[in-house]
Structures are given as C-alpha cells and as structure tokens.
Amino acid sequence: MAVDIYPQVKEALKAKEKEITDLLEAAPAEKKEICLCEDEGCVQEHLHVIESSLEKIENKTLGVCVVCHGYVDPSLLEMDYTASVCLDHYSEAERRRLEAELELGGIVQRALLPQRIPNIQGVELAAFSRPSEIIGGDYFDFFRYRDDAHGLVIADVSGHGVSAGMLMSSLQTALRTIAPDSDSPAEILERINRFYIHNIHFTTFVTVFLARFDPANLSFAYVNAGHNPPVLHRRLSGDVIWLRPTAPAIGLVEDFHPRTESLVFSKGDSLLLYTDGVTEILNSSNREFGMESLAEVFRQNAGSKASDTLQAVRQSMSAFGENKPLADDVTMIALKVSG
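This is the structure we're talking about:
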C-alpha cells in the first residue's frame, strides 16, 4: 500500500470523529434523541473503531494484512478503512459481496439521477425543496421496489454546502441502484449503512426516512433512521401521529439493524415529511418554529390538497422567521389519500 494514503485516511477519520463527538456532546437533547434512536452505546462503539484506526495510522499498521503482513489495496482501504485482509485471503462469498459493494461505489461516484414526482392513482403528492446555499444537503426522491410498490424517501446530511450536496447525490444513486432488487426499506438502509460506515469519502452522518407504499391496499411500511418524525393526520379521528425513529442515522453505528413499522392509510388521511430546516427556523427572539407548531399548521390544513398544505406550511414558516434568509436547507413532501 502506498504510504501517501495515510494522510487522506487520517483527515477523513478526524473529520468523522469530530462530527460524531459534536453530536454526542453539543447537540440539543431532542436532536440527539432523534438521531441516535436510543442507541448511544453503539455510537460510542463506532467512535472506538475510529480511534483504533487513528492509532494504527500513527503506528503505520493500518491496512496491513493480518495473514501475510502485506498491504491491503488502497482502493479497498478507501472503501473500508478497517480492512485488514488482502483480497487473496477473502473467501469466495466475501469476495462476491465485496465486488458488489465496489461496483455500487463506482456507480455512486459516476451517476446523478433526476428527481420527479410520480402520478399515483388515488394519492396526491407534492414536494418542495430549497437549499440555504447554492448546493444543499437535503434530498427527496420517488422510486419503485422490485415488486413495483412505490418508494419515497427524504433525507438530510449533517451540514450543507458542496460536500453535503455530493453526499446526497451519492445517496440518491445508491438508493436507485439498490431499490429495484429489493422489497424492503430495512434491507436497503442496512446495505447503504454498510457502504457508508467505513468509507473515508463519507465523514458525516445522514438521517433518512425511507418508505414503501402500496396504493392497492394503502399499506405503508417505513424505516426512520434518525430523521425528524413525519406527522400523520387521521381524517376520521382527527388524531395527529408522529412516525418516530426506528433506527439511528446512517453512518453512526457499526451494528445497524433498523426496525420496520407499518400502518394502513384511510381515505382522507394526510402525511407530511420534512427536514429539520423546517422546525429549526428561528424568530427574532431566537425561538424555534418547532414540531408542535408544524403539527398544528398541518392539522389545520390537512383537508386541503397536498400542494395547498405545503403552501400553508411554507407561509407559516416564513411569517414565523420574519422572512429572513434560510439558515438551513428546507425540504417537505406532502401525501394525501383521496376520498
């Protein structure tokens, strides 16, 4: 292995170490609770892996094969900085999985697919996204699963700007690459976390809400990986329900096993997905717009068309923030079941 890869790996690991430490030590309690999904111990374990890898860099033992004591290929080390075995010592099954992940990595680096809002019979969809800078770190998309069920996703990378936008582009491509071969939101996010967790090109974490919707029976299955809870309005009862996290954010834990939750929509039900740029807008008193204010505006407008509901939320946010420039990216998806 060429020694000049050490500075690159070290810089990436230092950045990731700081990102996670800041979340654990400096993030507001509510944000920390959402991102970690009660899994702080596993996040600490990942920090220990990073610290161990940094120690190996100092000792010049990172990337040394434990079998033959030669160097691991640099391209493999970039994808997984914990790699400690040369390709020659992988089993056939391990080699096949590695080749699949390397192929995914190549696709992610090469492609950027366009967004579009699908026409789903019996459902209204609307979306809005505005970055706080020229390039944003928010992401939303619509796609199809292997069995043709509809997929929708909203995500938010920690930070914003060019690096955040590049990471969001890679997430979009990874989802579009994996989803056609899967029926499960949990399976998709498990694979994406595995791809991100030790890759030196991804030094931050990503919150993701990934869902699977079948319009034939109005079933809705989802994984919430550390993302702000979408808000569901039940038309018949008037109840407002938060779809809270079922897993930590992507890139925070080694042992990632997301829990899938399910619900069934009724006619007239509405759902709002959003990023934290919506709820964290500040007024002149330095008070946040907050989840409860968002839920109240949504409840009052849930009977409207999906596009009108988004417009009402945008107007309320803007008025609360006194029309000041955005401090963070803002993205929302509204879904309403007809009837």
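For the sequence shown, counting from 1, position 226 maps to 705 in the working numbering; every step adds exactly one.
All C-beta atoms in this analysis are idealised placements derived from N, C-alpha and C, irrespective of residue type, glycine included.
Rounded C-beta distance between residue i and residue j? I'm assuming under 8 Å.
i: L503; j: I529; result: With a Cβ gap of about 13 Å, L503 and I529 do not count as contacting.
i: V459; j: V710; result: In this structure the chain extends from 480 to 818, so residue 459 is not present and cannot be described.
i: G601; j: S817; result: 5 Å
i: F688; j: L752; result: 6 Å
What's the gap between the Cα of residue i and the Cα of residue j?
i: A590; j: I657; result: Legend: pLDDT at A590 = 44, less than 50; position of this residue unreliable, no value from coordinates given.
i: K784; j: A606; result: 12 Å
i: A791; j: S698; result: 27 Å
i: R714; j: T739; result: 24 Å
i: G730; j: I633; result: 16 Å
i: V545; j: I671; result: Confidence at V545 is low in this model, with a pLDDT of 41, below 50, so the placement of that residue should be treated as unreliable; the coordinate-derived value is given next. Approximately 27 Å, taken between the alpha carbons.
i: D808; j: V743; result: 30 Å
i: K489; j: E524; result: 19 Å
i: F777; j: K535; result: 51 Å
i: A774; j: W721; result: 9 Å
i: D755; j: Q779; result: 21 Å
i: F768; j: T758; result: 5 Å
i: D748; j: R673; result: 35 Å
i: N538; j: Y675; result: 25 Å
i: C516; j: N678; result: 23 Å
i: T561; j: D635; result: With a pLDDT of 48 at T561, under the threshold of 50, the predicted position of this residue should be treated as unreliable, though the coordinate-derived value follows. Their backbone Cα atoms lie some 26 Å apart in a straight line.
i: N762; j: M770; result: 15 Å
On the criterion of 16 or more Cβ atoms from any shown chain inside 10 Å, does residue i qualify as buried, or is it exposed?
i: N802; result: exposed
i: E669; result: buried
i: S716; result: exposed
i: S795; result: buried
i: T840; result: Because residue 840 is not part of the residues shown, which for the chain are 480 to 818, the question remains open.
i: Q651; result: buried
i: H527; result: exposed
i: P593; result: Residue placement at P593 is poorly supported in this model, since its pLDDT is 44, which falls under 50; the coordinates still yield a value, given next. Its Cβ having fewer than 16 others within 10 Å, P593 is exposed.
How about residue i: is its Cβ closer than 8 Å to a heavy atom in the ligand GDP?
i: I720; result: Among the ligands in the structure shown, none appear at all, so the ligand GDP cannot be discussed.
When the distance is taken between beta carbons, is residue j closer than 9 Å to residue i?
i: D662; j: D620; result: no
i: F681; j: S649; result: yes
i: L654; j: G630; result: yes
Sufficient close CB pairs (3 or more, under 8 Å) joining the region 688-697 to the region 506-524: no
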